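K.L.:
Residue numbering for the sequence shown follows my numbering, beginning at 24 and increasing consecutively.
The C-beta atom is built at its ideal place from N, Cα and C for all residues, glycine as well.
Keep in mind the model is a prediction, meaning the values are calculated, not measured.
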Amino acid sequence: MSLSVTQRWRAEKTKSAVHGADTSDIEPSKGTSDEQAVLGMCTVCGEVCVQYADSEYITSVKLVCIAMVTNAKFTQGSPVVRGYKEKMMERSEVQQNDTLCSRRSRYLIMEFTGEGGFGKVARAVDLITSQDVALKILKKETPSEREIMMLDALRALDPVKKNVVHFFEKFQDQGHTCLVFEKLDMNLFTLLEQRQWEHLTLNEIRPIAHQLLTALDGLKSLGMVHADLKLDNIMLVNHLSEPFRVKLIDFGLSFMSSEDKLGKKVQPAGSRAPEVSLGLPLSEAIDMWGLGCILFYLYLARRPFAKHCQYRAMKGIVEMLGQPADHLLHAGRFTEGFFKKNHKEDGPVWRMKTPREYQRGTGIKPKKWMSPIKRLNELITLHPWIWRFAELEDRTAFVSLLKSLLHTDPEERITPARALTHPFLTMVHLLNQTDSLHVTDALDKMRVVGFDDSDGDLCTGGVAEEESSDEEAAAAPRPVDTDSAVQDGVGNGRHPIFYFFIFSVLYIFLTLQIKTELRVDDYDMRTQVRSCKEEEEEEVCLPERAQRQRHQDFSRFCRWTGRLRKAVDAFD
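Okay, here's the thing in structure tokens:
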């Protein structure tokens with residue numbers, strides 16, 4: 024079909040309009056209907072398009088953009104849409120700038136943001152509401168019935184209050200199953216990458232833990248197990264406007280707790296609960312284990328257990344948390360793959376297999392893995408000290424929560440409802456530290472979860488009342504007292520000797536710190552490569568020994584400062 028100069032100009036004008044210019048003055052020609060529109064080759068852009076034949080002029084535009092033209096009407100069963108779908112079915116994959124149609128809307132794919140074994144995730148625009156959405160496009164051979172069933176069950180939860188992703192609709196297009204979700208920001212793994220793998224603080228971890236526990240509590244009320252908790256499946260809603268507000272996504276591997284999943288390998292490697300590896304019955308408790316691994320990861324920016332070796336992962340669990348109870352090992356379907364039974368007079372006793380025994384039984388050589396810590400208590404003194412007693416108490420509460428989440432017995436593992444009342448989340452251990460900057464920052468971070476300290480125990484209101492009463496008392500006439508005048512001038516009634524002790528402690532600790540760092544540097548100069556025994560790993564490499572020595576020195580210092588604080592309080 025050849026077009027005149029005028030027709031080409033009008034076609035060019037129409038094409039520029041549908042690609043972002045004002046389209047309010049563009050309307051289909053009067054008398055034009057779906058039957059008059061046919062597929063053809065666009066003379067302007069050279070791609071498949073829809074052409075409108077009219078007595079006055081002919082215009083041709085790309086079909087992927089025609090839905091953006093004001094007043095342009097297409098129906099699902101029209102010849103244009105049917106012809107377009109037949110043309111698009113020839114493609115094997117959905118591409119950028121394609122338009123996918125459902126019964127309620129049309130979605131223009133702007134860009135692909137992720138890809139996995141299931142398919143692709145794209146950022147799309149709802150052409151009806153002009154709203155950004157996340158479009159999950161599953162592969163044609165990917166079974167989607169289970170995920171759709173889980174998402175339909177998830178509609179019973181409030182996506183805002185329960186911190187789960189908002190699921191809009193599902194539809195079929197071009198042979199693909201498409202799932203439409205709300206558009207979120209980025210996942211926690213990307214956040215750590217942007218921070219150059221700098222760990223999160225406790226005040227940043229606390230609101231994340233609170234929201235995830237709320238989500239898991241909602242799933243438990245439905246009898247649903249997520250079974251795929253990892254940093255990639257925890258999305259920030261809008262990190263700029265609502266810092267650390269998160270939602271749980273990706274229910275493709277979820278299942279109901281009533282289903283028989285005995286012996287099934289679920290959960291990501293490195294975050295797999297011991298009952299999964301041992302082949303025990305599964306419940307919602309595996310999600311609590313996964314949450315514990317996530318919180319550990321956020322605090323250290325390192326995995327707690329090995330990812331690429333099942334043996335090293337189980338060995339890390341035993342070394343850090345202790346061996347699972349005998350009744351769990353007796354009932355496990357895969358226990359003998361990791362443990363060896365020794366028969367004694369009082370009954371069989373299980374022990375962890377050596378790497379050589381594991382290799383002899385499975386034919387797989389265990390990969391090397393260096394655990395970041397040996398015991399969870401090391402997390403209290405692992406990061407540099409900030410000289411705030413409130414943070415020491417907060418770290419202790421955090422480790423207590425981790426121990427409850429990472430209990431090797433699923434029956435003893437803490438539930439979401441109980442975890443929401445844990446001191447680390449309620450911050451009751453900070454009641455007497457309201458003047459600390461750490462507590463002020465903690466309250467500010469918890470606003471995203473609607474934390475309301477209405478009773479005034481932690482908020483500044485209770486402190487303000489005390490300050491006002493102190494001001495009234497100060498305004499009343501009183502005799503001049505030299506000691507009280509000195510105390511009022513120094514730190515809210517602290518005796519000057521308190522600060523003398525503090526500066527002495529600082530000097531002693533800095534001296535220990537410098538000596539320890541020199542010792543570490545000396546170790547680093549003498550050994551460039553970590554050398555540990557492959558078999559039993561009984562010998563500890565020099566850098567790790569130096570780090571452990573530093574932790575011991577620091578632990579002694581913390582105990583000493585605790586005694587000092589008690590002595591000063593008694594002196595006051």
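Contact between the segment 292-299 and the segment 255-262 is defined here as three or more beta-carbon pairs at a separation below 8 Å; is this criterion met?
P.N.:
In short, these stretches do not touch, since the Cβ pair count stays below three.
K.L.:
For the putative contact between H189 and L161, defined by C-beta atoms under 8 Å, what is the C-beta separation to the nearest angstrom?
P.N.:
Here residue 189 corresponds to residue number 166 of the sequence shown, with the count starting at 1. Here residue 161 corresponds to residue number 138 of the sequence shown, with the count starting at 1. The Cβ separation is near 19 Å, so there is no contact.
K.L.:
Do S459 and H445 have their C-beta atoms within less than 9 Å of each other?
P.N.:
In the sequence shown, residue 459 corresponds to position 436, counting from 1. In the sequence shown, residue 445 corresponds to position 422, counting from 1. No, Cβ-Cβ distance for S459 and H445 is not below 9 Å.
K.L.:
Have a look at W220 and Q346 and give me their C-alpha separation to the nearest angstrom.
P.N.:
Counted from its first residue, the sequence shown places residue 220 at position 197. Counted from its first residue, the sequence shown places residue 346 at position 323. Whole-angstrom Cα-Cα distance: 31 Å.
K.L.:
What would DSSP say about D310, mapped onto helix, strand or coil?
P.N.:
For the purposes of this step, residue 310 is taken as the residue at position 287 of the sequence shown. Note: D310 maps to helix in three-state DSSP.
K.L.:
Consult DSSP for F328 and reduce its assignment to one of helix, strand or coil.
P.N.:
On the sequence shown, position 305 is the one that residue 328 refers to. DSSP places F328 in coil when its eight states are reduced to three.
K.L.:
If you check the beta carbons only, do S191 and V203 fall under 9 Å apart?
P.N.:
Walking along the sequence shown from the start, residue 191 turns up at place 168. Walking along the sequence shown from the start, residue 203 turns up at place 180. The sequence shown places Phe at residue 191, rather than the Ser named in the question. Their beta carbons are under 9 Å apart, which means F191 touches V203 by this criterion.
K.L.:
If contacts are defined as beta-carbon pairs under 8 Å, then I403 and T419 qualify, I think. What distance do you get, rounded to the angstrom?
P.N.:
The residue you call residue 403 lines up with position 380 of the sequence shown. The residue you call residue 419 lines up with position 396 of the sequence shown. With a Cβ gap of about 6 Å, I403 and T419 count as contacting.
K.L.:
Return the chain-ordered list of same chain residues with a C-beta closer than 6 Å to the C-beta of A238, the five sequence neighbours on each side being excluded.
P.N.:
Your numbering for residue 238 matches position 215 in the sequence shown. The answer, listed in chain order, is K185, N186, V187 and L271.
K.L.:
Between the segment 429-447 and the segment 459-475, do three or more beta carbon pairs fall short of 8 Å?
P.N.:
Segments in contact, no.
K.L.:
Using DSSP's beta-bridge definition, name the partner residues of K193.
P.N.:
Along the sequence shown, read from residue 1 onward, the residue named residue 193 stands at position 170. L202, per the DSSP bridge assignment.
K.L.:
Would you check if there are 3 or more beta carbon pairs closer than 8 Å linking the segment 424-432 to the segment 334-350?
P.N.:
Enough Cβ pairs lie closer than 8 Å, so yes.
K.L.:
Which whole-angstrom value is the C-beta distance of G302 and G339, which I expect to be below 8 Å?
P.N.:
Along the sequence shown, one-based indexing puts residue 302 at 279. Along the sequence shown, one-based indexing puts residue 339 at 316. Not confirmed; about 19 Å, so no contact.
K.L.:
Whose C-beta lies closer than 6 Å to the C-beta of L159 among residues of the same chain, with five residues either side of it excluded?
P.N.:
On the sequence shown, residue 159 is found 136 positions in, with the first residue counted as 1. It is Lys, not Leu, that sits at residue 159 in the sequence shown. So the list reads V144 and L202, once near-sequence residues are dropped.
K.L.:
List the whole-angstrom C-beta distance separating H231 from V269, where the pair is believed to meet the contact cut-off of C-beta under 8 Å.
P.N.:
Sequence index remark: in the sequence shown, residue 231 carries index 208 (1-based). Sequence index remark: in the sequence shown, residue 269 carries index 246 (1-based). Correcting the residue type first, residue 231 is Ile in the shown sequence and not His. At roughly 6 Å, the Cβ-Cβ gap stays under 8 Å, so I231 and V269 are in contact.
K.L.:
According to DSSP, what are the bridge partners of A145?
P.N.:
For the purposes of this step, residue 145 is taken as the residue at position 122 of the sequence shown. F135 and L158.
K.L.:
Taking 8 Å as the cut-off, does the segment 169-181 touch the segment 232-251 (at least 3 CB pairs, one atom from each stretch)?
P.N.:
Judged by Cβ distances under 8 Å, the segment 232-251 makes contact with the segment 169-181, as three or more pairs qualify.
K.L.:
Taking its Cβ as the centre, do 16 or more other Cβ atoms sit within 10 Å of D273, making it buried, or is it exposed?
P.N.:
Translated into the one-based positions of the sequence shown, residue 273 becomes position 250. Label assigned to D273: buried.
K.L.:
Would you mind reading off the limits of the alpha helix (DSSP H) that contains T213?
P.N.:
If you number the sequence shown from 1, residue 213 lands on position 190. Its alpha helix (DSSP H) spans residues L211 to Q217.
K.L.:
Using a Cβ-Cβ cutoff of less than 6 Å, which residues in the same chain neighbour L276 once the five nearest sequence positions on both sides are dropped?
P.N.:
Within the sequence shown, residue 276 is the residue found at index 253, counting from 1. The residues are A250 and D251.
K.L.:
According to DSSP, is P182 part of a helix, a strand, or is it coil?
P.N.:
Here the question's residue 182 lines up with position 159 in the sequence shown. Of the three classes helix, strand and coil, the one that applies to P182 here is coil, per DSSP.
K.L.:
Keeping to the same chain, check which residues put their C-beta closer than 8 Å to that of G137; ignore five residues upstream and five downstream.
P.N.:
Your numbering for residue 137 matches position 114 in the sequence shown. Same-chain partners within the cutoff: K143 and V144.
K.L.:
Start and end of the alpha helix (DSSP H) containing M337?
P.N.:
Here residue 337 refers to the residue found at position 314 when the sequence shown is read from its first residue. Here the alpha helix (DSSP H) through M337 covers Q333 to L344.
K.L.:
Roughly how many angstroms lie between the CA atoms of R392 and Y381, to the nearest whole one?
P.N.:
Along the sequence shown, read from residue 1 onward, the residue named residue 392 stands at position 369. Along the sequence shown, read from residue 1 onward, the residue named residue 381 stands at position 358. For the sequence presented, residue 392 should be read as Trp rather than Arg. The straight-line gap from Cα to Cα measures roughly 15 Å.
K.L.:
So who's on the other strand from T122, going by DSSP bridges?
P.N.:
Translated into the one-based positions of the sequence shown, residue 122 becomes position 99. According to DSSP, which records beta bridges pairwise, T122 is partnered with L131.
K.L.:
What residues are listed by DSSP as bridge partners for M279?
P.N.:
For the purposes of this step, residue 279 is taken as residue 256 along the sequence shown, with counting starting at 1. BP columns for M279 point to M247.
K.L.:
Using only alpha-carbon positions, find the residue among E265, T377 and H353 that is nearest to H2.
P.N.:
Absent from the model: residue 2. The displayed extent of the chain is 24 to 595, so no value can be given.
K.L.:
Let me know if M247 comes out buried or exposed under the rule of 16 or more other beta-carbons within 10 Å of its beta-carbon.
P.N.:
As a first step, residue 247 is located in the sequence shown; it is residue number 224 there, counting from the start. Classification for M247: buried.
K.L.:
Quick one: grab the DSSP three-state call for R374.
P.N.:
Residue mapping note: residue 374 aligns to position 351 of the sequence shown, counting from 1. In the structure shown, R374 sits in a strand (DSSP, three-state: E or B).
K.L.:
With L123 and D196 assumed to form a contact (beta carbons below 8 Å), what rounded beta-carbon distance in angstroms separates them?
P.N.:
In the sequence shown, residue 123 corresponds to position 100, counting from 1. In the sequence shown, residue 196 corresponds to position 173, counting from 1. The Cβ separation is near 4 Å, so the contact holds.
K.L.:
Buried or exposed: G313, going by 16 or more other Cβ atoms within 10 Å of its Cβ?
P.N.:
In the sequence shown, the residue the question calls residue 313 occupies position 290. Per the 10 Å Cβ criterion, buried.
K.L.:
If you draw a straight line from the alpha carbon of A320 to that of P327, how long is it in whole angstroms?
P.N.:
Counting from 1 along the sequence shown, the entry for residue 320 is found at position 297. Counting from 1 along the sequence shown, the entry for residue 327 is found at position 304. Looking at the sequence provided, one finds Tyr at residue 320 rather than Ala. Whole-angstrom Cα-Cα distance: 7 Å.
K.L.:
Let me check understanding here. Comparing Cα to Cα, which of S280, S264 and F141 lies closest to T165?
P.N.:
For the purposes of this step, residue 165 is taken as the residue at position 142 of the sequence shown. Residue F141 is the option with its Cα nearest to T165.
K.L.:
Please report the distance separating the alpha-carbon of R169 from that of K288.
P.N.:
The count along the sequence shown starts at 1 and reaches residue 169 at position 146. The count along the sequence shown starts at 1 and reaches residue 288 at position 265. Using only the alpha carbons, I get a separation of about 17 Å.
K.L.:
Between which two residues does the alpha helix (DSSP H) holding R441 run?
P.N.:
Start at 1 with the first residue of the sequence shown, and residue 441 comes out as number 418. That run of the alpha helix (DSSP H) goes P439 to A442.
K.L.:
Quick check on the burial criterion: 16 or more other C-beta atoms within 10 angstroms. Buried or exposed for K468?
P.N.:
In the sequence shown, the residue the question calls residue 468 occupies position 445. By the 10 Å Cβ count, K468 comes out buried.
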